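In the working numbering, the protein residues as written are 36 to 349.
Beta carbons are placed, not taken as given, at the ideal position from N, Cα and C, and that holds for glycine.
Here the structure is a predicted model, which is why all the values come from computation and not from measurement.
What follows is a single structure, written as structure tokens, with notes after it.
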Amino acid sequence: MPSVGLGLWKIDKSLTADVVINAAEIGYRHFDCACDYGNEVEVGNGLQRVLQAGAVCRDDLWITSKLWNTYHRAEHVRPATEQTLRDLQLDYLDLYLIHFPISLRFVPFEDRYPPEWFFDPSAESPRLELDPVPIQDTWRAMEGLVRDGLVKNIGVCNFGTSLLRDLLSYAEIRPAVLQVESHPYLTQDKLLRFCREENIAVTAFSPLGAQSYFSLNMAQESESVLEQEAIKEIAAHHGRTPAQVVLRWGVQRGTAIVPKSSRPERLRENIALFDFELGNDEMTAISALNRNRRFNDPGDFCEAAFNTFMPIYE
Ligand SMILES: NC(=O)c1ccc[n+]([C@@H]2O[C@H](COP(=O)([O-])OP(=O)(O)OC[C@H]3O[C@@H](n4cnc5c(N)ncnc54)[C@H](OP(=O)(O)O)[C@@H]3O)[C@@H](O)[C@H]2O)c1
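As structure tokens, then:
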């Protein structure tokens, strides 16, 4: 898995195909998609144009997508994967992840796609509706996708060590990747160490920290990792931007990272990480910024945005 991928959450549909094409020209080969991002058709159009142009072939690409919460029942896993493959115009995914350890009531594809969080958005007081499915059932169906050649690797997002340990107790095909939030304010050292020992690769989402959450009112401007003096000093020392320092720290500690941007200059900036190295002291100073601040927490945002208390980490 290439260590830098393009995150596609919140990239506007109208821009998505061009961003994908632009990113591929710049050198991105790893694309982090999801049914829930609502732009897989547009990602597919972009990828198709990249492949038709001929400079990049399918084997050069690493395409990740994610199983949405409403499709955890075994019988829905394959139709959900097939919908994603049709939208992305691909024969297979390199990686398919369970998006959250939250299983919501099924919404038929023809009623609404992607279904998002509410079961019935037109209800008087819309809420999330759970349909508890053992993760083991979902995982068995995910394993079937590998055996049938629809996906090459499977994994999970937003799991902690307890859920992972349970998953490993029955997995016939082990999770190849764990994708979790991680940045200097949420270093997740024990989780990363556990994954290293279990040979599970880790992808850090929201690798820039608060940046993604300002517009959603899920972070204060004062929480910007990029404004930290320590980061700015290290950036000045290397002649790099604060974002590059934070992203380089992510790569150098052994995680893959999937920064999102729709801006060509930032796409370039966010992948130009391989011609400088942070010293041990600098790595330590950045890790010391940790304050266990999770910006993407269903225990907070599901109540604030979806009228339903849905903690998963406590
Ligand atoms: N599995 C999960 O549950 C989960 C959850 C969240 C995210 N993800 C994945 O992880 C990806 C990345 O996370 P994210 O989108 O939340 O956050 P992010 O990539 O850390 O940050 C994106 C934000 O930072 C800005 N930005 C990008 N490059 C910058 C730079 N060089 N300098 C300053 N600002 C910059 C972007 O604005 P502009 O676009 O305007 O440049 C955007 O507002 C997502 O797109 C998604 O693929 C997965």
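Beta-carbon separation (whole angstroms), residue i vs residue j, contact threshold 8 Å
| i | j | result |
| --- | --- | --- |
| Ile347 | Ile189 | With 8 Å as the limit, Ile347 and Ile189 do not qualify as a contact, their Cβ atoms being about 20 Å apart. |
| Ala58 | Asn80 | Actually they are not in contact, since the Cβ atoms of Ala58 and Asn80 sit about 14 Å apart, beyond 8 Å. |
| Ser322 | Thr222 | 5 Å |
| Val293 | Thr238 | 6 Å |
| Lys295 | Leu43 | 7 Å |
| Val78 | Leu50 | Val78 to Leu50, Cβ: 11 Å. No contact. |
| Glu338 | Phe344 | 5 Å |
| Leu130 | Val212 | 6 Å |
| Val33 | Val54 | Residue 33 is absent from the structure shown; the chain starts at 36 and stops at 349. |
| Arg140 | Tyr220 | Actually they do not touch by this definition, with Cβ atoms about 34 Å apart. |
| Gln118 | Phe144 | 6 Å |
| Leu324 | Ala265 | 6 Å |
| Leu226 | Thr196 | 6 Å |
| Asp126 | Leu120 | 7 Å |
| Val181 | Ile208 | 5 Å |
Residue i beta carbon near ligand 1 (any heavy atom closer than 7 Å)
| i | result |
| --- | --- |
| Leu308 | no |
| Val293 | yes |
| Leu261 | yes |
| Thr173 | no |
| Gly42 | yes |
| Phe341 | no |
| His134 | yes |
| Leu128 | no |
| Ala278 | yes |
| Phe240 | yes |
| Arg298 | yes |
| Gln118 | no |
| Asn325 | no |
| Glu145 | no |
| Leu243 | yes |
| Lys48 | no |
| Lys101 | yes |
| Asn331 | yes |
| Cys192 | yes |
Residue i, DSSP secondary structure in three states
| i | result |
| --- | --- |
| Ala271 | helix |
| Tyr131 | strand |
| Thr343 | coil |
| Asn234 | coil |
| Asp166 | coil |
| Leu227 | helix |
| Trp97 | strand |
| Asp201 | helix |
| Phe336 | helix |
| His111 | helix |
| Cys192 | strand |
Outcome for residue i when other beta-carbon atoms lying within 10 angstroms are tallied against a minimum of 16
| i | result |
| --- | --- |
| Ala291 | buried |
| His218 | buried |
| His107 | buried |
| Leu203 | exposed |
| Asn342 | exposed |
| Glu317 | buried |
| Gly314 | exposed |
| Pro210 | buried |
| Pro114 | exposed |
Any 3 or more C-beta pairs closer than 8 Å across the region 253-268 and the region 277-291: yes
The region 245-257 in contact with the region 309-316 per 3-pair CB rule at 8 Å: no
Inter-stretch contact (C-beta, 8 Å, three-pair minimum) for the region 147-165 and the region 175-182: no
Sufficient close CB pairs (3 or more, under 8 Å) joining the region 60-79 to the region 101-118: yes
Three or more C-beta pairs below 8 Å linking the region 59-66 and the region 90-98: yes
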